[in-house]
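Every letter in the sequence shown is one number past the one before it in my numbering, and letter 32, counting from 1, is 79. Here's the structure, in structure tokens; my notes come after.
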Amino acid sequence: MIEINNITKIYNGQKALDNVSFTVKEGEVVGLLGPNGAGKSTLMKILTCYIPPTEGEASICGHSIYDDPLAVRREIGYLPEHNPLYLEMYVREFLRFTAGIYGIKNCNDRVEEMIELVGLTPESNKRIGQLSKGYRQRVGLAQALIHDPKVLILDEPTTGLDPNQLEEIRSVIKEAGKSKVVLLSTHIMQEVEAMCSRAIIINHGRLVSDDVLEHITSQQLTEKFHKVTNN
């Protein structure tokens with residue numbers, strides 16, 4: 048589970064996050080929705096121990112981001128907004144390298160499983176630098192999933208995907224959400240509606256709405272999003 052308690056982050060006197068609190072449990076796919084600059088990526092960087100909060104506390108699967116950041120990172124599969132890849136490496140080479148970092152047994156079998164899962168098979172013999180943006184995003188998702196983490200944190204995971212790729216990757220994320228904790232960020236309403244069981248809206252660093260999607264219609268969610276983001 049992800050637990051976030053009163054997280055605040057201040058940059059140069061300006062609050063990027065302002066007293067944010069919520070919990071995400073196993074089996075939930077939660078969309079963190081908001082306009083660009085709302086604080087979504089900052090929150091994800093805090094949860095992955097990339098940057099510390101100014102105030103507040105967070106934990107992943109019971110491990111504090113302060114007291115045990117290595118344990119936190121072991122539990123997380125993370126796809127950042129700007130997908131960091133070694134462009135000179137081949138797809139399989141990179142995924143084997145990633146699997147080796149995690150000490151995965153039967154490494155080659157796991158790599159092939161990930162390639163098939165995220166739909167990389169047609170491009171799997173290429174260098175990453177030769178791939179389109181959409182296929183690079185698939186490589187990033189494969190590396191996030193390869194060690195079978197309990198928690199997936201995905202920052203704009205469908206960036207650069209064409210309509211056919213969108214459907215495939217949405218399906219992968221929804222399936223992962225059946226057994227994992229998934230927190231994904233987006234500023235696109237349709238992404239939340241297609242993949243998520245719950246929507247959290249954040250604006251100007253503040254949590255302004257938290258709804259289970261089965262309790263709210265698509266139109267109501269859209270109206271709420273436009274209302275809070277236009278203020």
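Think of the CB as a built atom: it goes at the ideal place given N, C-alpha and C, for glycine as much as any other residue. All of these numbers come straight from a predicted model, not from anything done at the bench.
For residue 157, the CB contacts under 7 Å within the same chain, skipping 5 residues up- and downstream, are 146, 151, 193 in chain order.
Assignment of beta-bridge partners to residue 78 by DSSP yields 231, 246. In this structure, residue 200 sits away from residue 97, with a CB-CB distance that is not shorter than 7 Å. When 261, 48, 229, 89 are compared, the shortest CA-CA separation from residue 110 is found for 48.
DSSP, reduced to helix, strand and coil, places residue 65 within a strand of the structure shown.
The straight-line gap separating the alpha-carbon atoms of residue 250 and residue 213 is approximately 26 Å. Our two residues, residue 74 and residue 224, have alpha carbons roughly 5 Å apart in a direct line. With contacts defined as CB atoms closer than 7 Å, residue 252 and residue 60 fail to qualify as a contacting pair.
With respect to residue 197, residue 104 sits apart: the two C-beta atoms are not nearer than 7 Å.
Taking C-alpha positions only, residue 93 is separated from residue 219 by approximately 25 Å. Excluding its 5 nearest sequence neighbours in each direction, residue 181 has C-beta neighbours in its own chain below 7 Å: 207, 208, 209, 212, listed in chain order. Taking 7 Å as the cut-off, the Cβ atoms of residue 89 and residue 64 count as close. Residue 110 carries a strand assignment under DSSP once its states are collapsed to helix, strand and coil. By the neighbour-count criterion, in which 16 or more other beta carbons inside 10 Å mark a residue as buried, residue 56 falls on the buried side. Exposure of residue 99 is indicated by the presence of fewer than 16 other C-beta atoms within 10 angstroms of its C-beta.
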